[in-house]
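Asks: If you number the sequence shown the way my numbering does, the last residue is 668 and the count never jumps.
Note that CB positions come from ideal geometry on N, CA and C, so glycine has one too.
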Amino acid sequence: MAVDHIITKRFNIVDAHTLDGYLASGGYRGLRRALEMVPSDVHEEVKTASLLGRGGAGFPAGVKWGFCPPGVWPRYLVVNGDESEPGTYKDRLLMERDPHQLIEGCLIASYALGLSQCFLYVRGEMAEAQERVAAALNEAYEAGYIGKNICGTDFSVDIVLHWGAGAYIVGEETALLESLEGRRGMPRLKPPAFPASFGLYGKPTIVNNVETLSNLPWIIEHGGAAFAELGGEQSTGTRMFAVSGHVKRPGVYEVEFGVTTFREIIYADEYAGGIAGGRELKCFIPGGASAPWFYEEHLDLPLDKATVDQAGSMLGSGAIVVMDETTDAVAACHNLVRFFARESCGKCTPCREGTAWMEQILSRVLHRQARPDDLDLLLDICDNISPGFAWPPKMTTICPLGPSAVSPVISALGRFKDEFETYIAQSQARPRIPVASG
Ligand SMILES: Cc1cc2nc3c(=O)[nH]c(=O)nc-3n(C[C@H](O)[C@H](O)[C@H](O)COP(=O)(O)O)c2cc1C
Ligand code: SF4
């Protein structure tokens with residue numbers, strides 16, 4: 231089967247975000263097909279597709295849906311559109327350019343899961359995405375695609391749009407549920423209870439990412455087997471990657487999942503086009519700010535979940551951040567740690583205190599005000615958050631945000647320790663002054 235764009239195929243159609251534009255380009259065919267099937271068969275197609283979740287953890291959607299305890303209602307579908315990881319902006323584009331595709335995906339998932347209430351949570355700062363999704367919801371309600379007796383069947387579902395307030399941690403699924411319930415967006419401890427069994431309002435809840443759900447119309451229209459034929463053995467279909475940093479053509483590219491390599495997506499003219507200014511690569515982050523860094527020797531790895539996991543990092547949120555040879559590794563590390571320190575929700579001590587201390591130490595180093603034992607202290611704090619620096623990380627925290635702050639430190643110190651040592655040596659030659667954090 232020829233590889234084509236699946237979820238970005240309407241990105242160049244000017245009015246694809248309207249119902250007319252969507253219908254004219256084949257929209258809602260997947261839903262109509264789903265409604266001719268029994269819900270369990272729709273679920274089977276998604277399992278056959280082996281669709282991995284696109285929000286970060288890469289868990290198979292069909293398997294997760296199966297964790298809803300049978301016979302417990304109401305149950306909910308929650309769409310995670312909070313996307314705030316630095317360098318990640320694929321879900322925003324999906325919501326702005328093709329909101330009906332996402333809505334159709336929500337309807338198909340709701341039908342397969344036998345539920346009648348869906349919540350679509352969009353990050354606070356994404357004004358255009360919110361407007362486009364709101365307008366598309368209104369159109370779909372009016373045309374009978376959402377609401378009572380959809381397309382003349384006895385399937386009924388409501389979709390509620392919820393705007394977040396712009397906190398990164400609310401992307402973590404249990405924090406998102408807390409936020410939806412009207413509380414502070416702070417993660418819940420899991421295990422014991424996972425959202426599929428005890429989620430929103432204590433009811434079974436499936437949380438899926440925007441890109442995950444946007445794949446469903448194509449999967450149901452063409453069949454799960456056709457989707458599984460694309461891509462790698464386990465990383466099936468296509469996937470969107472946002473490439474940013476020191477490249478000639480930063481942007482979001484949909485590529486065959488599990489097959490396309492980092493070298494291709496960073497250097498090929500049809501993608502990011504190589505390092506800007508003819509400079510050399512220093513390192514790149516393969517999957518969002520939380521991911522351990524990769525280097526020249528990783529360029530020929532395919533964008534495949536299992537391969538990247540095995541190589542000691544992750545594809546995470548689908549953000550590839552490229553740093554050229556002129557990048558200051560200490561400054562890059564400080565920048566990332568500062569993000570996590572500011573976004574820590576403060577619920578657990580190792581993350582609340584640790585990330586703030588890490589940021590302060592890195593700030594001291596960067597301002598050439600470091601103390602001789604600052605690197606040891608930094609590593610000690612990291613070890614308190616993520617003991618042993620293992621991959622995948624062990625954690626003393628409630629959620630993975632704490633260990634995410636450790637990733638850039640271990641990466642930068644592991645490969646570019648000399649740059650830290652130069653700053654520390656220069657610090658000794660300067661008078662010590664108080665350094666403001668940030
Ligand atoms: C700190 C943190 C932030 C996250 N942010 C997002 C996010 O913005 N969007 C998202 O879909 N998943 C995010 N996730 C992952 C979600 O917890 C969850 O795994 C995902 O929404 C499930 O959807 P999927 O199975 O379709 O990937 C985040 C996780 C963590 C720990
Ligand atoms: S690890 Fe950080 S963000 Fe996560 S619950 Fe603890 S304090 Fe909050």
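Can P417 and T435 be called in contact, C-beta distance under 8 angstroms?
Replies: What you label residue 417 is simply residue 187 of the sequence shown in a count that begins at 1. What you label residue 435 is simply residue 205 of the sequence shown in a count that begins at 1. No.
Asks: Quick one: grab the DSSP three-state call for E528.
Replies: As a working note, residue 528 is residue 298 in the sequence shown. In the sequence as displayed, the identity of residue 528 is His instead of Glu. In this structure, H528 counts as helix in the three-state DSSP scheme.
Asks: Going by CA-CA distance only, name the one from N379, C513, G548 and E361 that's closest to F646.
Replies: Walking along the sequence shown from the start, residue 646 turns up at place 416. Of the listed residues, the one whose Cα sits closest to F646 is C513.
Asks: Is it buried or exposed for Q656, if we count other Cβ within 10 angstroms and need 16 for buried?
Replies: Residue numbering aside, residue 656 sits at position 426 when the sequence shown is read from its first letter. It counts as exposed.
Asks: Taking the alpha helix (DSSP H) that S474 falls in, what are its first and last residues?
Replies: Here residue 474 corresponds to residue number 244 of the sequence shown, with the count starting at 1. Note, S474: premise wrong, no alpha helix (DSSP H); beta strand (DSSP E) at T468 to G475.
Asks: Could you tell me if the beta carbon of D312 falls within a distance shorter than 7 angstroms of some heavy atom in ligand 1?
Replies: Start at 1 with the first residue of the sequence shown, and residue 312 comes out as number 82. Yes, the Cβ of D312 comes within 7 angstroms of a heavy atom of ligand 1.
Asks: With three or more beta-carbon pairs closer than 8 angstroms as the criterion, would you say the region 360 to 371 touches the region 327 to 338?
Replies: Touching, yes.
Asks: So within the region 303 to 337, which uninterrupted beta strand (DSSP E) runs reach at least 3 residues, ignoring any that extend past its ends?
Replies: Taking only runs of at least 3 residues, the beta strand (DSSP E) segments lying wholly in the region 303 to 337 are 306 to 311.
Asks: Report the option in A586, D604, L350 and R660 whose CA atom is closest to the CA atom of R572.
Replies: By 1-based counting over the sequence shown, the position of residue 572 is 342. Ranking the options by Cα distance to R572, first place goes to A586.
Asks: DSSP puts N439 in a beta bridge; with which residues?
Replies: Position 209 of the sequence shown, counting from 1, holds the residue named residue 439. The partner list for N439 (beta bridge, DSSP) reads N310.
Asks: Using a 10 Å radius around the Cβ and a threshold of 16 neighbouring Cβ atoms, would you call D604 buried or exposed?
Replies: Translated into positions along the sequence shown, residue 604 becomes position 374. Buried: at least 16 other Cβ atoms inside 10 Å.
Asks: Given P630, which residues of its chain have a CB within under 8 angstroms of its CB, disregarding the five upstream and five downstream residues?
Replies: Position 400 of the sequence shown, counting from 1, holds the residue named residue 630. Cβ within range, chain order: E402, S520 and P623.
Asks: Looking at the secondary structure, which residues open and close the beta strand (DSSP E) in which C575 lies?
Replies: Within the sequence shown, residue 575 is the residue found at index 345, counting from 1. First-last for C575: undefined, no H or E at that position.
Asks: Helix, strand or coil: how does DSSP classify K382 here?
Replies: Numbered from its first residue, the sequence shown carries residue 382 at position 152. The amino acid occupying residue 382 in the given sequence is Gly; Lys does not appear at that position. Reduced to three states, the DSSP call for G382 is helix.
Asks: Which residues bound the alpha helix (DSSP H) around G548?
Replies: Residue 548 sits at position 318 when you count from the first residue of the sequence shown. That residue, G548, is in no alpha helix (DSSP H); it is neither H nor E in DSSP.
Asks: Measure the C-alpha to C-alpha separation of G286 and S637 and round it to an integer number of angstroms.
Replies: For this step, residue 286 is matched to residue 56 along the sequence shown. For this step, residue 637 is matched to residue 407 along the sequence shown. Distance between the alpha carbons of G286 and S637: 15 angstroms.
Asks: Once DSSP output is grouped into helix, strand and coil, what is the label at P516?
Replies: By 1-based counting over the sequence shown, the position of residue 516 is 286. Three-state result, P516: coil.
Asks: Can you list, in chain order, the residues of its chain whose CB lies under 7 angstroms from that of I450, leaving out five sequence neighbours each side?
Replies: Working through the sequence shown from its first residue, we reach residue 450 at position 220. Correct list, in chain order: G260, R263, A264, V272, E275 and I338.
Asks: Less than 8 angstroms separating the beta-carbons of A549 and A642?
Replies: Here the question's residue 549 lines up with position 319 in the sequence shown. Here the question's residue 642 lines up with position 412 in the sequence shown. Contact flag unset, no.
Asks: Between which two residues does the beta strand (DSSP E) holding Y391 run?
Replies: Counting from 1 along the sequence shown, the entry for residue 391 is found at position 161. According to the sequence displayed, residue 391 carries Leu and not Tyr. Unbroken beta strand (DSSP E) run through L391: D388 to W393.
Asks: For a minimum of 3 consecutive residues, which ranges assigned as the beta strand (DSSP E) are wholly contained in the region 560 to 625?
Replies: The region 560 to 625 contains no whole beta strand (DSSP E) run of 3 or more residues.
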